[in-house]
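Student: Residue numbers (numbering that gives the first Met the number 0): 0 to 300. Dropping a structure here in structure tokens format, bear with me for questions.
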Amino acid sequence: MNEFEMIKALAEEGNMRKAAERLFLTQPALSQRLQSIEKEWGTRLFIRSQKGLEPTPAGELVIEYAKDAIVKREEVFEMISSLVDKVHGTLKIACASIVGQTWLPQILKEFVERYPNVQISLITGWSSEIVKALNDREAHIGIVRGRTDWKNTKQHLFRDQLYLVDREITALEQLKETNRPFIQFKSDSNYHQEIQHWWQRHFAMEPSRQITVDQIETCKQLAINGIGYAILPSITLLGDEKVNKIPLLNSDEEFELTRDTWLIGYESSFELKQVAAFTEIVQTYAGKIQEMEAFNETNRT
């Protein structure tokens, strides 16, 4: 076990037992290895307190060094991997939570079947967190939703429709009179801004009742079970839900409110074989969504 990986695990877990479990070591074995590492550095790296393990000032320096060394080691392995034909190495993905829960699993299933020698690291979160992960070199590529201020390589994947979903409401005009709660989920700020702007263009008053949940899947299930109405992107809807799905339209030009999904990253990352292989599969699946949305649009018109 690499000593830098041990230091990183101890720093992130802040607990000897949890770090040992993460590293598949016994706690006494990890404690003994830590003593050897501290002896090699000639100083204490961690102290035990009621809060758990806390790094010493010297420990903080070594922790940063360890993290940088791990990243650099991975980069060198990736560069070596790119010199041979077989696709292997590590693929580090930072993905919007909604995509990670709905669309990405089927892509990863095909990817791991085609490229079994590639290890996958997946981070999910909001778009701002994904951009940070790319800048911190914690990810090769990111999948983000909505508007994003990314200056490097950026590929458009697909655009999906936003729907009002409810078991009782059948037309947007009914929102002016309904007493049903509006179920919302926590998301990045630009998503809520789009919804708020749409609402303000259509209605003079805020929803009379609101429910806020932390996950989009919870929001969807509440709406499907008739507790209230929600605004959801089509990527979350399988098509077999027993609810009314009303496309959101802008009142000025009556064009549909949509949400874009992008693949972003640094140009150098896209040159890696494992990233290029993943990108190819992603674009294939994105094309299927584009075809489906075009088909739905034709049927609506």
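Just so it is clear, CB atoms sit at the ideal spot from N, CA and C, and this is done for glycine as well.
1. Thinking C-beta only, is Ile215 closer than 8 angstroms to Glu240?
2. Around the Cβ of Gln31, are there at least 16 other Cβ atoms within 10 angstroms (buried) or fewer (exposed)?
3. Which whole-angstrom value describes the C-beta separation of Tyr162 and Leu90, a residue pair presumed to lie in contact below a C-beta threshold of 8 angstroms?
4. Which runs of the alpha helix (DSSP H) fall wholly inside the region 214–250 and span at least 4 residues, in chain order?
5. Are there 16 or more other CB atoms within 10 angstroms of the CB of Glu77, so buried, or fewer, so exposed?
6. Starting from the C-beta of Val98, find all residues in its chain whose C-beta is less than 6 angstroms away, skip the five residues before and the five after it, and write them out in chain order.
7. Can you list, in chain order, the residues of its chain whose CB lies under 6 angstroms from that of Ala68, leaving out five sequence neighbours each side?
8. In chain order, which beta strand (DSSP E) runs of at least 3 residues are fully inside the region 42–114?
9. Kindly list the residues whose CB is nearer than 8 angstroms to the CB of Met5, restricted to its own chain and excluding five residues on each side of it in sequence; keep chain order.
10. Looking at the unbroken beta strand (DSSP E) that takes in Phe269, where does it start and where does it end?
11. Kindly identify the DSSP beta-bridge partner or partners of Ser120.
12. Does the region 99–115 come close enough to the region 266–284 to have 3 or more Cβ pairs within less than 8 angstroms?
13. Could you give the first and the last residue of the continuous alpha helix (DSSP H) run that contains Gln334?
14. Out of Pro104, Glu205 and Trp40, state which residue places its alpha-carbon closest to the alpha-carbon of Glu321.
15. Who are Tyr162's beta bridge partners in DSSP?
16. Helix, strand or coil for Arg208, going by three-state DSSP, please let me know.
17. State the DSSP-derived secondary structure class of Arg16, mapped to helix, strand or coil.
18. What separation, rounded to the nearest whole angstrom, lies between the Cα atoms of Val274 and Gly145?
19. For His155, list the residues DSSP reports as bridge partners.
20. Consider the C-beta atom of Ala68 and the heavy atoms of the ligand SAM; say whether any pair is separated by less than 7 angstroms.
21. My assumption, with CB atoms under 8 angstroms, is that Ser186 sits in contact with Trp125. Please give the rounded CB distance.
Tutor: To lay it out plainly:
1. At least 8 angstroms separates the beta-carbon of Glu240 from that of Ile215.
2. By the beta-carbon neighbour count (other beta carbons within 10 angstroms, threshold 16), Gln31 is exposed.
3. Their Cβ separation, rounded to whole angstroms, is 32 angstroms, which puts Tyr162 and Leu90 out of contact at 8 angstroms.
4. List check, alpha helix (DSSP H) in window: 215–223.
5. By the 10 Å Cβ count, Glu77 comes out buried.
6. Closer than 6 angstroms at the Cβ level, and outside the excluded window around Val98, lie Ile142.
7. The beta carbon of Ala68 sits closer than 6 angstroms to those of Phe3, all from its chain and outside the five residues before and after it, given in chain order.
8. Counting only runs of 3+ residues, the beta strand (DSSP E) found wholly inside the region 42–114 occupies 45–48, 51–54 and 88–95, in chain order.
9. Taken in chain order, the residues that qualify are Ala18, Leu22, Leu29, Arg32, Leu33 and Ile36.
10. Looking at the DSSP string, Phe269 is not in any beta strand (DSSP E); the run it does join, the alpha helix (DSSP H), is Glu266 to Phe269.
11. In the DSSP output, where bridge partners are listed per residue, Ser120 has Lys91.
12. In short, these stretches touch, since the Cβ pair count reaches three.
13. The question about residue 334 has no answer here: the residues shown for the chain are numbered 0 through 300.
14. The question about residue 321 has no answer here: the residues shown for the chain are numbered 0 through 300.
15. According to DSSP, which records beta bridges pairwise, Tyr162 is partnered with Leu231 and Pro246.
16. DSSP places Arg208 in coil when its eight states are reduced to three.
17. Arg16 sits in a helix when the DSSP states are folded into three classes.
18. So the two alpha carbons sit approximately 22 angstroms from each other.
19. In the DSSP secondary-structure assignment, His155 is bridged to Trp261.
20. As for the ligand SAM, it is missing from this structure, which has no ligand bound.
21. Right, their Cβ atoms sit about 7 angstroms apart.
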